[in-house]
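Visitor: Note that the sequence shown ends on residue 409 in numbering that gives the first Met the number 0; no numbers are left out.
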Amino acid sequence: MKYAYKVKTLYDGSMNQPQENRIILVNGKIIENIVPWSSETSVAEDGYQVVDMSGCFAMPGMIDGHVHTILPGDGTSAEDFISNNSYGEILLTAAENIQKSLKSGVTVLRDCGAIPEIVFELRNAVRKGIIEGPDLLLCGSSLTTTAGHTHFFCGETDTPDQTVEKIRQLHKQGADFVKLIATGGGTKGVIQHAQMLSCEQMRAAADEARRLGKISTAHVCTTATARAAVDCGVDMLEHLIWADEHNNLTMDFELAEEIAQKDIPVCITASVISLSLSKYENAGRALTDAEQSEYAMLCRFRDTINEGFRLTCDKITYIPGTDAGWRSSRFDQFAECVIIMANLGMGSLRALNAATGTAAKVLGIDKTCGTLEKGKAADFVVLKKSPVEKIENLRNIYQVYKNGRCVTNI
Ligand SMILES: [Zn+2]
């Protein structure tokens with residue numbers, strides 16, 4: 000079946016301004032062409048069924064650059080969730096999660112750490128059409144040290160040889176990229192700002208990833224570990240928080256310059272802390288002393304993240320990620336990350352480009368998705384109001400199409 004989606008405004012995912020009065024021609028799963036309204040009669044004669052959305056705005060399906068599909072994102076810690084649920088239950092949670100993302104306009108998810116057996120099965124189920132879902136880019140396990148940050152994702156290694164062996168195993172299972180844990184984080188028993196993998200391990204991992212034709216990327220939450228990861232030749236960075244061990248802003252402009260010069264892209268998880276603050280702000284009661292100090296700490300951390308991004312977003316290539324699944328990060332709030340990026344200095348067009356065309360390029364999937372053009376997947380989002388004009392309009396998605404099929408009501 001061939002469809003012609005007639006829209007008022009079309010943003011194609013590039014840095015070009017949106018075009019007015021366009022028709023997206025879709026044949027099966029692919030965009031056949033994009034033509035002006037004046038072609039409507041000939042298109043109908045050619046057998047396309049015209050779908051009139053002539054008051055609407057269309058843009059490419061978005062790419063969430065950093066999620067954890069197997070985690071619930073409801074405040075439960077990863078440790079508790081994994082130990083209290085069977086693999087079957089976790090798989091079902093993941094299936095529900097990815098569908099929430101899809102319905103919020105995300106047609107590609109990049110999973111930055113999971114239990115590999117579960118997430119590879121999840122991708123199989125999507126590919127076979129057993130369940131509807133976004134395309135999944137997977138690392139399988141995030142690689143860490145024994146008992147290190149995210150150790151429950153089965154990626155513990157303690158020597159360069161072990162790290163390389165693990166990468167080869169994950170490659171054999173179907174991993175798309177290599178995720179390295181360079182800094183600690185919220186895992187129980189881990190010092191948040193300590194370096195996890197050694198420089199020798201990261202160097203060996205980056206080399207092995209290159210040999211296998213894959214991107215290596217490192218979770219970095221301090222300025223010092225970002226420096227280490229870049230020195231080790233890692234291809235990409237996650238989070239990139241310009242912080243010292245107290246979460247205070249510690250800019251290293253020389254490093255920022257180097258990241259920009261080497262064209263090392265960064266997936267910024269800009270909304271994680273901002274969204275977790277709302278729990279305290281909407282508590283509807285006075286906070287306890289402990290809650291108040293936690294709130295103050297999170298505010299400082301958010302300010303550090305935001306300021307580091309604001310100071311570097313003109314130079315560095317940033318793409319958005321939600322960290323959905325982790326703690327209280329939900330799968331239906333991708334828009335918030337893009338909105339924060341836009342409002343911190345990127346502007347709406349650049350932030351939308353980061354979530355679509357640029358993300359696809361950075362992740363090596365731009366041959367098939369990221370922009371709306373001839374020959375690409377018919378993955379697109381329809382809104383009633385333009386997010387280019389006002390980025391907050393991204394919160395109101397009207398319809399989502401994946402591979403030419405409307406998936407808004409799955
Ligand atoms: Zn993460």
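For every residue, glycine included, the Cβ atom is placed at its ideal position computed from N, Cα and C.
This one's a predicted model, so the numbers in the text were calculated from it and none came from an experiment.
From residue 257 to residue 240, what distance separates their C-alpha atoms?
Guide: 16 Å
Visitor: Which partner residues does residue 182 have in the DSSP bridge list?
Guide: 194
Visitor: Measure the CB-CB distance between residue 351 and residue 306 and report whether it falls below 8 Å.
Guide: no
Visitor: With distance defined between alpha-carbon atoms, name the residue in 254, 215 and 143 nearest to residue 233.
Guide: 215
Visitor: Jot down the residue ranges of each uninterrupted alpha helix (DSSP H) in the stretch 62-114, minimum 4 residues, whole runs only, in chain order.
Guide: 77-83 and 86-102
Visitor: Can you list, in chain order, the residues of its chain with a C-beta nearer than 7 Å to that of residue 310? Leave out the 5 residues immediately preceding and following it.
Guide: Excluding residues within five positions, the ones whose Cβ falls inside 7 Å are 250.
Visitor: Ignore the nearest five residues each way along the sequence and tell me which others in residue 268's own chain have a CB closer than 6 Å to its CB.
Guide: Answer for residue 268: 65, 238, 320 and 322, listed in chain order.
Visitor: Taking the C-alpha atoms as reference points, what is the distance between residue 397 and residue 379?
Guide: 11 Å
Visitor: Judging by CA-CA distance, which residue of 101, 282, 365 and 385 is the nearest neighbour of residue 405?
Guide: 101
Visitor: For residue 119, tell me which candidate among 68, 348, 151 and 28 has the shortest Cα-Cα distance.
Guide: 68
Visitor: Is it buried or exposed, residue 252, if we count other Cβ atoms within 10 angstroms and call 16 or more buried?
Guide: exposed
Visitor: Out of 273, 391 and 312, state which residue places its alpha-carbon closest to the alpha-carbon of residue 296.
Guide: 273
Visitor: Using the three-state DSSP reduction, which class does residue 398 fall into: helix, strand or coil?
Guide: strand
Visitor: Considering Cα atoms alone, identify which of 386, 293, 407 and 193 is closest to residue 58.
Guide: 386
Visitor: Just list the residues that DSSP pairs residue 176 with in beta bridges.
Guide: 214
Visitor: Are the stretch 184-197 and the stretch 215-229 touching by the rule of at least three beta carbon pairs closer than 8 Å?
Guide: yes
Visitor: Please determine, among 134, 19 and 170, the residue with the shortest C-alpha to C-alpha distance to residue 61.
Guide: 134
Visitor: Helix, strand or coil, according to DSSP, for residue 294 in the structure here?
Guide: helix
Visitor: Output the distance between the C-alpha atoms of residue 155 and residue 355, rounded to the nearest integer angstrom.
Guide: 33 Å
Visitor: Does the stretch 327-337 come close enough to the stretch 139-151 that 3 or more CB-CB pairs lie under 8 Å?
Guide: no
Visitor: Per the contact definition of three or more C-beta pairs closer than 8 Å, is the stretch 341-349 in contact with the stretch 358-378?
Guide: no
Visitor: On the DSSP bridge list, what partners appear for residue 376?
Guide: 29
Visitor: Compute the Euclidean distance between the alpha carbons of residue 176 and residue 263, then round it to the nearest angstrom.
Guide: 15 Å
Visitor: For residue 71, which residues of its own chain have a beta-carbon under 8 Å away from its beta-carbon, when the five flanking residues on both sides are left out?
Guide: 80, 92, 96 and 324
Visitor: Give a yes or no on whether the C-beta atoms belonging to residue 219 and residue 181 are separated by under 8 Å.
Guide: yes
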